[in-house]
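Since the structure comes first, as structure tokens, the remarks are kept for the end.
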Amino acid sequence: MSNFDKINLILKLEKKEEILYHNAMCGIFGYIGEKNTLQICLKGLKQLEYRGYDSAGIAGIKNNNLIFCKTSGKIFALEKKIEKQNLELDIAIAHTRWATHGKPDEKNAHPHFDTHLSLGVVHNGIIENYAILKDFLKNKNIKFSTETDTEVIAQLISYNYEKYKNNLYLTVHESLKLLKGSFAIALIHKDHPNIILAAARESPLAIGFIDNKNEILISSDPNAFIGHNLNVFYLRNDEIALLSKKSIKTYTNQKKLIEKKTSLLEGKNQTFSKEGFDHFLLKEIFEQPITIQKAMLGNISEDFGTAYFEGLKFSSTELMAIKHIIIIACGTSWHAAYIGASLLEDKARILTTAEIASEFRFKNPIISEETLIIAISQSGETADTLSAVKEAKAKGAKILGICNVKNSTLTREAHSCIYLNAGPEISVCSSKAFTSQITILSLFTLLMARLRHFTKEDGQKFLSELKKIPKIINQVLEKQKEIKKISIKYSKYKNFFFIGRKYMYASCLEAALKLKEISYLNATSYPAGELKHGPIALINKNLPVIAFCSNKQTYDKTLNNLMELKAREAPILAIAPNNAKEILQIADDIIFIPNTIDELAIFPTTIVGQLFAYNIAKAIGIKDIDQPRNLAKSVTVE
Ligand code: G6P
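Numbering-wise (the working numbering), the sequence shown opens with residue 5 and increments by one.
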């Protein structure tokens, strides 16, 4: 029995896989060309920084030797170390790692190598059966020096290299067959000093090249190609590309040489600036009156009181036939999904649920030809959302994507896509993408309602309220000083409850998440009526309650709930519409916001929640507000 057969047998026999350490949310960058390899790779890595990471590294070939440099921490630390080492590289692969399991230290940073330092690999994704492969290789006396799954790829390929007579492509092809899980990899080998080998399975990997192929760039995120005009294609389904100057050969998983379709990417140089704000987050919060207008731009017909979307490829007949909608998303996007579901059910009268993507795919969901799946993702790269989309597609569902990042995986997987047009969101903690998602969902609801029972006048009324939102948000932003003062007062607390009813419950979910993400304080959100069913046991004078009271339909009931809390000495901060004077008797502090209809009150209340979280984070001295600890912008593992 060959070694491969043995491993395959183990794979078949294995009942349970153990994932102890792996790397995720990472960024891959690689370069072959005549320019300064190090500078181009570092610039590429910097474009990937926004995703969140905690270590970085680079490896390349010089004079037939494999040379590398890795650090924990940020790219500027890597830059410094590279300078110190006087590093020079001809071709290179580079990486930003975001650790989920296994310490974010230098040793676990990518690239990873085989014991003989003959090859180096950078990797995104998870090798699910890495433990079993590691055991197999350890039994062959191969010594591992890191806790990552990626090292298994390096060691396995190295182990098989001789067997395939030093044919790098064949070795990788055969080795990848033994891997379970998802991956995008770039690999260099000192015996093949001019080649980068790239491969991908269920994890994005883009290859860009100039016409004469004198320059080839690789990245897990085409945003990193900024500054280069390139022909770009993506690898998928275990395809392998052998890249060297002037030559790109792509093979299918059946070893068939193929021509990949390319699209032109004009990577105009783009510099991201805070434009005088202390953080990207604050800048992005203040951008919202404009980004909401951008989300509406071109999508509205005032004459007919409805919405149009250029990217929507479903016909009116298809849309009219929809009787059931499932919205899938994660994190902040799921909060938008929650609002979207309420809107669609309330206004368009379509049975709609918001599902957390990581749960959805294991539910054996009921999907019929009358079901529409809406997948919401700012980045378009969230693995949980993408897997849920694939599950829904396997069940025959129509998929509508709502996404901010052009050319992202979701935009390719969905049958049809609506873009947010919010511009790049640099802060890991989402702000403007959220309000743009709600804008698109409000417009989509309007379209679906107009195709059903909404009259032209109903539609026009809704549109006129929606069009007031940017102005309303400006009025809330003008309260930044007042919100800051109140936030400083509340920054002495360690735990918070956020409560609200109906549409305001979604405001609570999002406001509490913002506070958790950037201030590292414990914040829990509840529908206001639910507090008395358990959580009220926790209430005392050290547990402030932030109450969102901007839902007219449930206003009186929310006040009753606040009275119950006041009786138990909870400090109360209310966010309430300008005319809600009754609240003066109940709350300790009030932030008054402009009036709007219930369905749209999420907009002004969200801005208050964002500013409250930001100001608390600043007040307690959090430094890394734009890249909070442990968080990543694109979560590319499940
Ligand atoms: C990560 C981010 C969250 C974000 C979520 C979904 O967890 O830290 O801020 O809401 O992913 O991201 P998506 O790009 O799919 O909207």
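Even for Gly, the Cβ is constructed at its ideal location relative to N, Cα and C.
- The beta carbon of T154 sits closer than 7 angstroms to the beta carbons of N27, H114, H116, V125, H127 from its chain, once the five residues preceding and following it are set aside; these are given in chain order.
- Around the beta-carbon of S320, fewer than 16 other beta-carbon atoms lie within 10 Å, marking it exposed.
- Look at C334 here: in three-state DSSP terms it is coil, with no helix or strand label.
- R205 is bridged by DSSP to F187.
- Taken from the Cβ of Q382, at least one heavy atom of the ligand G6P lies inside 6 angstroms.
- The beta-carbon distance between I371 and A401, rounded to whole angstroms, is 5 angstroms. This is short enough to meet the 8 angstroms contact definition.
- Under a 10 Å Cβ-count criterion, K298 is classified as buried, with 16 or more other Cβ atoms of the shown protein chains found around its own Cβ.
- With the rule of 3 Cβ pairs closer than 8 angstroms, the stretch 520-540 does not count as touching the stretch 471-478.
- In the three-state scheme derived from DSSP, where H, G and I count as helix and E and B as strand, E270 is classed as strand.
- At a Cβ-Cβ threshold of 7 angstroms, L221 and G212 count as neighbours.
- In the displayed model, V156 falls within a helix according to three-state DSSP.
- Judged by DSSP secondary structure, S223 falls within the beta strand (DSSP E) whose first and last residues are 220-223.
- Relative to the ligand G6P, the beta carbon of C334 is positioned inside 6 angstroms of a heavy atom.
- The continuous alpha helix (DSSP H) containing N143 extends over residues 134-143.
- DSSP links C512 through a beta bridge to no other residue.
- Annotated three-state conformation of V639 is coil, per DSSP.
- It is roughly 29 angstroms from the alpha-carbon of I406 to the alpha-carbon of I579.
- Under the three-state reduction of DSSP, F229 is assigned to helix.
- Secondary structure at T356: strand, using DSSP grouped into helix, strand and coil.
- Under the three-state reduction of DSSP, S59 is assigned to strand.
- Listed in chain order, the non-local C-beta contacts of I330 below 7 angstroms within the same chain comprise T357, E359, P369, T375, I377, local neighbours out to five positions each way being set aside.
- Taking 7 angstroms as the cut-off, the Cβ atoms of S523 and I289 do not count as close.
- Relative to the ligand G6P, the beta carbon of T386 is positioned inside 6 angstroms of a heavy atom.
- Under the three-state reduction of DSSP, L404 is assigned to strand.
- Positions of the alpha helix (DSSP H) runs, each at least 4 residues long and wholly inside the stretch 469-550, are given as 484-494, 507-523 in order along the chain.
- With respect to the C-alpha of E482, the residue from V612, A574, E469 having the closest C-alpha is V612.
- Taken through DSSP and simplified to helix, strand or coil, Y255 comes out as strand.
- Per DSSP, the unbroken beta strand (DSSP E) holding L70 starts and ends at 69-76.
- If you draw a 10 Å sphere on the C-beta of Y618, you find 16 or more other C-beta atoms in it, and that means buried.
- Between the stretch 331-344 and the stretch 443-459, the count of C-beta pairs closer than 8 angstroms reaches three or more; the two stretches touch.
- When DSSP states are grouped into helix, strand and coil, C30 belongs to the strand group.
- Boundaries of the beta strand (DSSP E) around I377: 375-381.
- Unbroken alpha helix (DSSP H) stretches of 4 residues or longer found wholly inside the stretch 551-592: 559-570, given in chain order.
- Counted as a single uninterrupted DSSP element, the alpha helix (DSSP H) harbouring L414 occupies residues 413-417.
- By the neighbour-count criterion, in which a residue is buried when 16 or more other Cβ atoms sit within 10 angstroms of its Cβ, D282 is exposed.
- The shortest CA-to-CA distance from T459 to any of D307, L209, L547 is the one to D307.
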